[in-house]
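The structure appears right after this line, and notes come after that.
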Amino acid sequence: MLVVVDPGARTPVFAQIAAQIAAQVAAGSLATGTRLPAARELAGSLGANVHTVLHAYQQLRDEGVVELRRGRGAVIIGAPADEDVHEAVRRAVAAARDSGLSLPTLLSLIRKEFGE
Amino acid sequence: MTRGRRILLIAAAIVAAVTVIGVVVAAAAGAPLDRTVVIHWGLDGQPNGWGPAWTYPLLIGATGGFLAVLLLVFGLIRYPAARAAATPPALPLREGEIAVWTGTVPMPRWLLVLVIALGVLIAALGVVLVATLGWRGLPAFIGPVVILLALAVSGDYRATAGPTGFTARSVLGWPAFRIPVSDIARVSIVEVQAMRDFGGWGLRWVPAGPGGGSRWGIVSRQGEGLEVVRRDGRSLVVTVGDAATAAAVLEAYAARA
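Quick note, the sequences are listed as chains G and C, same order.
Under my numbering, think of the first position of the first sequence as 263, with each following residue one higher.
Under my numbering, think of the first position of the second sequence as -15, with each following residue one higher.
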């Protein structure tokens, strides 16, 4: 599991952590049943507050990506995204490149489509 | 000669010296050596086996001698030479970004079951022995408990790579290996062959690794692993998945240090 955070970014750190873990589950690089590191441990490594990491884990639980069990920590229960989704993403990125669209523009189009 | 080999040779010399002293003391105390002495006691503390007095010096000499030869052999034999290992490019990090990678070296389910079953068995035996014999029954446990501990620390490690360096820690909290960023000479992705590189699986130590120093291994399977080599040549190998990402994170921070 790789987490890269930028404390100076506009997105809150907890949301950055949650988004990256969710993305790795969707991509299939974090398998179902994988145990995430203890919140205190990950917070220590990132130089972040424990509550920030716990907040991220709680958000992942609310999204149905992890299960939080007392004593066992956070365990991945989410499954990788359907191949259809991966395929659609690949096509969208290829099309954006062809028409000279930047990544932020493509992301904002996806956000709009998603209704966020 | 590496520090690892030196440790083994010194240990062999110490064991050999203690063995010689043991044999001399036992022979002196047992003389004349052809008389019959007690060589076994029952659980009630009463003798129930007799044999010649030279049994003691012989047993001490054979056991200590075997151990000393074993240490000597491991201190002198050749170990596999370094094989080609890939070093991936550093993870591109923008100013202000912090990257942390975590992975696990799992413990096979059957081993976990075995450790728990052995633990329960030893605890139950302990209660029975202490209840029937009192506290003098306790030395009987030292062996089983050492074996149980060795099995318990042979798997289930969490590895972390980040701004502070690399750590691999047993879920029991001990043992833990910490390599600060400033101490990392290089990281690479290696193809681990458990038998050839470490003589087996689990928590392993080899006195002369390819880094020029001794080498620790936390080995749960064959195949892809991450090797972190320290500045003094000692190294640590862990069989984690996605070793390339772990190495990229360490490279990024090692390059800055």
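Glycine included, C-beta positions come from ideal geometry on N, C-alpha and C.
This one's a predicted model, so the numbers in the text were calculated from it and none came from an experiment.
According to the neighbour-count rule (16 or more other Cβ atoms, all chains shown, within 10 Å of its Cβ), is residue i buried or exposed?
| i | result |
| --- | --- |
| G/Thr367 | exposed |
| C/Pro76 | exposed |
| C/Trp200 | buried |
| C/Met91 | buried |
| C/Glu175 | exposed |
| G/Glu375 | exposed |
| G/Ala310 | buried |
| C/Val233 | buried |
| C/Ser198 | buried |
| C/Trp185 | buried |
| C/Ala70 | exposed |
| C/Ser172 | buried |
If we define contact as Cβ-Cβ less than 7 Å, is residue i a contact residue for chain C?
| i | result |
| --- | --- |
| G/Val287 | no |
| G/Asp268 | yes |
| G/Pro274 | no |
| G/Ser370 | no |
| G/Pro299 | yes |
| G/Ser307 | yes |
For residue i, which beta-bridge partners are listed by DSSP?
| i | result |
| --- | --- |
| C/Trp25 | C/Pro31 |
| C/Tyr141 | C/Val89 and C/Ser154 |
| C/Ala251 | Residue numbering for chain C in the displayed model covers -15 to 241; residue 251 of chain C lies beyond these limits and cannot be assessed. |
| C/Trp200 | C/Trp189 and C/Leu220 |
| C/Glu208 | C/Glu175 |
| G/Arg331 | G/Gly335 |
| C/Ala70 | C/Ile173 |
| C/Thr20 | C/Pro36 |
| C/Val213 | C/Arg170 and C/Ser219 |
What residue from the options has the CA that sits closest to residue i's CA?
| i | options | result |
| --- | --- | --- |
| C/Asp181 | C/Ser154, C/Gly193 and C/Pro147 | C/Gly193 |
| C/Val22 | C/Gly35, C/Ala13 and C/Leu55 | C/Gly35 |
| G/Val351 | G/Leu365, G/Ile338 and G/Gly340 | G/Leu365 |
| C/Leu135 | C/Gly149, C/Val203 and C/Leu56 | C/Val203 |
| C/Leu43 | C/Ser154, C/Gly6 and C/Val97 | C/Gly6 |
| C/Leu56 | C/Ile131, C/Ala236, C/Val(-1) and C/Ala124 | C/Val(-1) |
| C/Gln177 | C/Asp167, C/Ile168 and C/Arg188 | C/Arg188 |
| C/Thr88 | C/Trp38, C/Gly139, C/Arg214 and C/Phe58 | C/Gly139 |
| G/Ala300 | G/Thr294, G/Val315 and G/Val267 | G/Val315 |
| G/Ser307 | G/Val355, G/Asp346, G/Met263 and G/Leu363 | G/Met263 |
| C/Gly207 | C/Ile163, C/Val222 and C/Ala143 | C/Val222 |
Can you pull the chain G neighbours of residue i, defined as C-beta to C-beta under 8 Å?
| i | result |
| --- | --- |
| C/Arg240 | The premise fails here: C/Arg240 is roughly 15 Å from chain G at the closest Cβ pair, so nothing lies under 8 Å. |
| C/Glu81 | Val266, Val267 and Asp268 |
| C/Arg78 | Asp268 |
Should residue i be counted as a contact of the ligand NAD given a C-beta to heavy atom distance under 6 Å?
| i | result |
| --- | --- |
| C/Val97 | By its list of ligands, the structure shown contains no ligand whatsoever, and the ligand NAD lies outside what it can speak to. |
Counting only beta-carbon separations shorter than 7 Å, does residue i have a partner in chain G?
| i | result |
| --- | --- |
| C/Thr47 | no |
| C/Gly146 | yes |
| C/Val155 | no |
| C/Trp85 | yes |
| C/Thr71 | no |
| C/Thr229 | yes |
Along chain C, in chain order, which residues have C-beta atoms closer than 7 Å to that of residue i?
| i | result |
| --- | --- |
| G/Leu322 | Going along chain C, no residue has its Cβ under 7 Å from G/Leu322, so there is no contact; the nearest lies around 15 Å. |
Under 9 Å between beta-carbons, which chain G residues line up against residue i? List them in chain order, please.
| i | result |
| --- | --- |
| C/Thr20 | Here the premise fails: no neighbours, minimum Cβ distance about 59 Å. |
| C/Thr223 | What C/Thr223 touches in chain G: nothing, since even the nearest Cβ is about 16 Å away. |
| C/Asp226 | Met263, Leu264 and Ser291 |
Starting from the beta carbon of residue i, find every residue of chain G whose beta carbon is closer than 7 Å, and list them in chain order.
| i | result |
| --- | --- |
| C/Arg142 | Pro299 |
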